[in-house]
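**Q**
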Amino acid sequence: MDDKRTRFEALVLPHLDAAHRLARWLCRSPGDADDIVQEAFMRAYRAFDSLRGADARPWLLAIVRNCHLSALAEGRRRAYEPLTEEHEAQQSVAAAAAAPDPESASIERDERRTLARLIAALPEDQREVLLLREMEDMSYREIAAVAQVPIGTVMSRLARARAALKALWPETQGEPRAVR
Amino acid sequence: MQCAESLRVQAVFDGELDAVSASAVERHSEHCAECRALLEHLESTRARLRRDLGYGQASPELRARIGRALDAEQAAERRAARPRPAWRARPFWLGTLTGAGAALAASVAVVLLAPLLFARLPDELIAAHLRSLEPGQLTAVISTDRHTVKPWFAGRTDVSPVVADFGAQGYRLVGGRADNLDHQRMAVLVYEHGAHVINVFTFPPGREALPAERSRLGFHIVCWRGGDLGYCAVSDAGWEELASLRQLLLGEAVRDAR
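Sequence order for the protein chains is A and B.
Here the first sequence is numbered in my numbering, starting from -18 and rising by one per residue.
Here the second sequence is numbered in my numbering, starting from 57 and rising by one per residue.
#1: Under 8 Å by Cβ, that's how I've got B:Gln58 and B:Leu98 pegged, so tell me the actual separation to the nearest angstrom.
#2: I believe B:Gly112 touches A:Arg2 by the beta-carbon criterion, under 8 Å. Please report the beta-carbon distance rounded to the nearest angstrom.
#3: Assuming B:Ser85 and B:Cys91 make a contact with CB atoms under 8 Å, what is their CB distance in whole Å?
#4: Given that A:Ile132 touches chain B, what residues does it touch there, using C-beta distances under 7 Å?
#5: Any idea if A:Ala104 is buried or exposed, counting beta-carbon neighbours within 10 angstroms, 16 or more meaning buried?
#6: Within the 9 Å Cβ cut-off, does A:Pro63 reach chain B?
#7: Let me check one thing: in DSSP terms, what residues is B:Met26 bridge-paired to?
#8: Please return the same chain residues whose Cβ sits closer than 6 Å to the Cβ of A:Pro157, not counting the five positions on each side in sequence.
#9: Does the pairing of the segment -15 to -5 of chain A with the segment 6 to 13 of chain A give three or more beta-carbon distances under 8 Å?
#10: Given a cut-off of 9 Å, decide if A:Ala145 and A:Gln107 are closer than it, judged by their beta-carbon atoms.
#11: If we cut at 9 Å on Cβ distances, does B:Leu301 have a partner in chain A?
#12: Which residues does DSSP pair with B:Glu248 in a beta bridge?
#13: According to the neighbour-count rule (16 or more other Cβ atoms, all chains shown, within 10 Å of its Cβ), is B:Val310 buried or exposed?
#14: According to DSSP, is B:Arg212 helix, strand or coil?
#15: B:Leu189: buried (16+ other C-beta within 10 angstroms of its C-beta) or exposed?
#16: To which residues does DSSP link B:Phe275 through a beta bridge?
#17: Looking only at C-alpha atoms, which of B:Arg106, B:Cys279 and B:Phe209 sits nearest to B:Ala299?
#18: Sort out for me which residues DSSP pairs B:Ile198 with in a bridge.
#19: Would you grab the beta carbon distance between B:Ile254 and B:Leu306 for me? Rounded to a whole angstrom, and I think it's under 8 Å.
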């Protein structure tokens, strides 16, 4: 295994899960997301020399996003649709394992589904900024690099996404338990 | 309806402000019910997303697929890099022809690459803007008073720019400095607009081509001519915000000329 491949696997491959999550939230189906991620990794490998010591995660995620956009432009994929049962099934298995009884497991499943729908209802530019911030814990500067917009735009999109969630939040849902 | 501090409250929540600004915002939130409610909402949103949305993982199949694709890519690279063994069979004089070809190629490359070389300026501007955001680098003279800032430039820079404070319009002059850029000593005006820092670089009359409006790495560059000088504003503030500062400075230049 040569040097480039070794360095690539050390620096870029650890961000596979993050790349997959972003693709998953941008794409229509899990299969599309996998295709996007694979294509992004190939582009990343070819362009690896241009990384030059910069942080690999925002760089890789920007490539994922570009792959998604060019796939959209080619008309190979349509815009985002809510998560499928496959994702919910995964989630509910985890929920059932965590919940003390079947009833609360089913409530949690409903809450998850509601939340996934709320997120899906956000415009794509707001959704991606929100998820990069909350799920990937990225800084404004990193998000700006991924979304290729100024930091001020990141801030306003983030504020709009959060406000939209607040407006859409069903009143019946209880306060979330603290998990921080 | 929305409190003007809301974006800063959000920035504190996201850990994006330095300790001094953060404590100022926190003091504000103590008195502002709206911002307190906003903070609560931000916290509960984050807790809920992180609890319920889940951290999906790439499947082992995807991982394996990428591994195989990388193998193929690597093999292709090796094939392309392998030297061709037949070169010794060529007649000796072919070498001189190749030399001429290389010279031709080089001159073509110079012609083609020249615009790229000139296009370096935006990068230099962004780099200078980033440097200025390092602690202690933003201003060499700190003043909101044009009568302090303008004389300061004399003797330190190649140009004497239009200096004005537009605090009333939301663009507060915080000072100036001299930057080495584009092979000259440039005067830089520093403005604050909300949470944004705007650097306005001033080019002497000799500079013919100014970069077109563009954004790079999340920063915007807006350039214009005022009198015989060129100006470039660089910031993470939005296009419209930079455009209004340009209008203000252009207006000032007209007043200056009278």
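Ideal Cβ placement from N, Cα and C applies to all residues, glycine included.
**A** Concretely, from the data shown:
#1: Their Cβ separation, rounded to whole angstroms, is 14 Å, which puts B:Gln58 and B:Leu98 out of contact at 8 Å.
#2: 5 Å
#3: 4 Å
#4: Within chain B, the residues near A:Ile132 are Gly274 and Asp292.
#5: Before going further, note that residue 104 of chain A is Pro rather than Ala in the sequence given. Per the 10 Å Cβ criterion, exposed.
#6: Confidence at A:Pro63 is low in this model, with a pLDDT of 49, below 50, so its placement is unreliable and no value can be given for it.
#7: Lying before the first or after the last residue shown, residue 26 of chain B is absent from chain B, which here runs from 57 to 314.
#8: With a pLDDT of 47 at A:Pro157, under the threshold of 50, the modelled position of this residue cannot be trusted, and the question is left open.
#9: By the C-beta criterion, the segment -15 to -5 of chain A is judged not to be in contact with the segment 6 to 13 of chain A, since fewer than 3 inter-stretch pairs fall below 8 Å.
#10: yes
#11: no
#12: Per DSSP, B:Arg228 and B:Val253.
#13: exposed
#14: The three-state reading of DSSP puts B:Arg212 in coil, since its state is none of H, G, I, E or B.
#15: exposed
#16: Looking at the DSSP assignment, B:Phe275 forms a beta bridge with B:Arg272.
#17: B:Cys279
#18: Bridge partners of B:Ile198: B:Gly231.
#19: Their Cβ separation, rounded to whole angstroms, is 15 Å, which puts B:Ile254 and B:Leu306 out of contact at 8 Å.
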